[in-house]
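Reading through the structure tokens given below for one structure.
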Amino acid sequence: MLEFWQNGKKIEVNAIYGKGKVGQMVIYGQRCDWGANPNPTIAPLSQYPCPSVFTIVEKKEGNLDGYYILSDSKGNRIKIEYFYSSSGASVLYDAQEWLTWNDMREKEKFSRKQRKIEQLEGHVELLKDILIKQGARIVTEAQAEDLGLK
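Offset between the sequence shown (1-based) and our numbering: plus 1.
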């Protein structure tokens, strides 16, 4: 499950499992450890980069809910069976939901980075103030060059 916060509410994005529909665009959007030598018959998604986009072209109903035939961007068809926890439907997400989650994740990463930059700038200013109070002289590289300092 993927999650993010929007307008103060926690939004959960769940894998499609057996809820996919024919014609639905899905994204293989959560990295898996396929092992050193993944078997493409058992884990066909291991042959694709993450994220990758697919269209559900067929859904088999019955005992194996979550058994899909997917088409990739080149028209290749792959069969996803839900025998193994990471072999298929557990790492496929509705494309629109995943894109919304990814957008919010990227915004949060940027926001965290900006907060860290602001925090570090505050530390630099504090250190400058401390050094000046201790009698140090703070100069720019250009000023140091003009003064003949190295």
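Glycine included, every Cβ here is placed at the ideal spot set by N, Cα and C.
Nearest-angstrom Cα distance between residue i and residue j?
{"i": "A44", "j": "W35", "result": "8 Å"}
{"i": "Q120", "j": "Q48", "result": "42 Å"}
{"i": "W99", "j": "F111", "result": "18 Å"}
{"i": "I133", "j": "V140", "result": "11 Å"}
{"i": "L46", "j": "I12", "result": "26 Å"}
{"i": "S53", "j": "Y94", "result": "11 Å"}
{"i": "L1", "j": "K22", "result": "No answer is possible for residue 1: it lies beyond the span of the chain, which begins at 2 and ends at 151."}
{"i": "L150", "j": "K108", "result": "43 Å"}
{"i": "A137", "j": "I118", "result": "25 Å"}
{"i": "K10", "j": "R78", "result": "38 Å"}
{"i": "Q115", "j": "T42", "result": "44 Å"}
{"i": "L127", "j": "E146", "result": "25 Å"}
{"i": "I131", "j": "F5", "result": "40 Å"}
Compare the C-alpha of residue i against each of the options and name the closest.
{"i": "Q25", "options": "Q144, K114, I57 and S91", "result": "I57"}
{"i": "D73", "options": "C51, H124, K61 and E62", "result": "C51"}
{"i": "A16", "options": "M2, E59 and E142", "result": "M2"}
{"i": "K75", "options": "F55, K129, E59 and N38", "result": "F55"}
When the distance is taken between beta carbons, is residue j closer than 8 Å to residue i?
{"i": "W102", "j": "V14", "result": "yes"}
{"i": "Q31", "j": "M105", "result": "no"}
{"i": "S90", "j": "Y18", "result": "Note that residue 90 is Ala in the sequence shown here, rather than Ser. For A90 and Y18, yes; Cβs fall inside 8 Å."}
For residue i, report the span of its beta strand (DSSP E) as first-last.
{"i": "L3", "result": "L3 to Q7"}
{"i": "E13", "result": "K10 to V14"}
{"i": "E59", "result": "S53 to K61"}
{"i": "D95", "result": "L93 to D95"}
{"i": "S72", "result": "Y68 to S72"}
{"i": "V27", "result": "M26 to Y29"}
{"i": "I139", "result": "Premise fails: I139 is in no beta strand (DSSP E) and is neither H nor E."}
{"i": "K80", "result": "R78 to I81"}
Here's the rule I'm using: 16 or more other beta-carbon atoms within 10 Å means buried, otherwise exposed. How should residue i be labelled?
{"i": "Y68", "result": "buried"}
{"i": "Y29", "result": "buried"}
{"i": "I81", "result": "buried"}
{"i": "L125", "result": "The amino acid occupying residue 125 in the given sequence is Val; Leu does not appear at that position. It is exposed - the Cβ of V125 has fewer than 16 other Cβ atoms within 10 Å."}
Starting from residue i, trace the alpha helix (DSSP H) in both directions and tell me its first and last residue.
{"i": "E146", "result": "E142 to D147"}
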